Amino acid sequence: MEIRLATLADLNACLLLDDSFETDYVWQVDERRDAHSISSVFRLTRLPRTMKVTGVISRDGVSEKYRKGSNLWVYDNGGVCGFIAASVEEWNQSANISHVAVARVQRRKKIGTQLMQTVLEWARLKKLSIVLADAPTKAYPAIAFYQKHGFSFCGFSDRLYPNRDIAMLFALKLR
Numbered sequence: 019m020e021i022r023l024a025t026l027a028d029l030n031a032c033l034l035l036d037d038s039f040e041t042d043y044v045w046q047v048d049e050r051r052d053a054h055s056i057s058s059v060f061r062l063t064r065l066p067r068t069m070k071v072t073g074v075i076s077r078d079g080v081s082e083k084y085r086k087g088s089n090l091w092v093y094d095n096g097g098v099c100g101f102i103a104a105s106v107e108e109w110n111q112s113a114n115i116s117h118v119a120v121a122r123v124q125r126r127k128k129i130g131t132q133l134m135q136t137v138l139e140w141a142r143l144k145k146l147s148i149v150l151a152d153a154p155t156k157a158y159p160a161i162a163f164y165q166k167h168g169f170s171f172c173g174f175s176d177r178l179y180p181n182r183d184i185a186m187l188f189a190l191k192l193r
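All the letters of the sequence shown, read from the start, carry residue numbers 19 to 193 under the numbering used here.
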């Protein structure tokens, strides 16, 4: 097992990973507006039945980030079974995690945690002050993953994803 920066050949393996997941929960947003206030409340809601979600990772997005110089680390255990992508935003000394995926058959083995630890160590070595991440409201496992690793909810956007899913934004202060 090794975690290393991806090669171009690894990129294809990353794009072929099964990123689908099942969830019994989603985050719902209720927004209220009046003349003097705007409020949004996120509520964890149990679904009446398990929902299978596919296509959360944008294949084109991963390729584009790689071409534009984002760091892409792979978890290689005789083949790529997970990856994480992050880039630096110099203007505010932040790292932005754009993609995290672990092959379905390799989940629950701490691979995601090891990939996250790699990015956090990299961000600290670069003396960055914060790490940012996002996840759609239906990606309860990803949201729980970020929270488990110390990320705090810091906002949302209904314009971030091309399909108009609501993105929940998370931040982890490093210093």
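All C-beta atoms in this analysis are idealised placements derived from N, C-alpha and C, irrespective of residue type, glycine included. The structure presented is a predicted model; accordingly, all values stated were derived computationally and were not measured.
Annotation: the continuous beta strand (DSSP E) that includes Leu62 extends over 55–71. Counted as a single uninterrupted DSSP element, the beta strand (DSSP E) harbouring Ala104 occupies residues 98–107.
Taking Leu178 as the centre and dropping the five residues before and after it, the same chain places the C-beta of Asp152, Ala185 closer than 7 Å to its C-beta, in chain order.
The C-beta of Thr131 has fewer than 16 other C-beta atoms within 10 Å across all chains shown, which makes the residue exposed.
C-alpha of Pro154 to C-alpha of Ile115: approximately 14 Å in a straight line.
The closest CA to that of Val149, considering only Pro159, Lys156, Leu138, is found on Leu138. Residue environment for Asp78: exposed (fewer than 16 other C-beta atoms within 10 angstroms of its C-beta). Here Val92 is buried: its Cβ has 16 or more other Cβ atoms, across all protein chains shown, within 10 Å. For Ala113, same chain residues with a beta-carbon under 8 Å away, outside a window of 5 residues either side, are Ala104, Ser105, Val106, Glu107, Val137, Trp140, Ala141, Lys144, Leu146, Ile148, Val149, Leu150 in chain order.
Rounded to whole angstroms, the gap between the alpha carbons of Thr68 and Phe39 is 10 Å.
Runs of the beta strand (DSSP E) spanning 3 or more residues and lying entirely within the stretch 86–156 occur at 89–94, 98–107, 112–120, 148–154, in chain order. Around the beta carbon of Val98, 16 or more other beta carbons lie within 10 angstroms, which makes this residue buried.
Assignment of Leu187 by DSSP, reduced to helix, strand and coil, places it in the strand class. For Asp48, the enclosing beta strand (DSSP E) covers residues 39–52.
For Gly168, the three-state secondary structure derived from DSSP is coil.
With a 10 Å radius around the Cβ and a threshold of 16 neighbouring Cβ atoms, Met19 comes out exposed. C-alpha of Val123 to C-alpha of Arg51: approximately 44 Å in a straight line.
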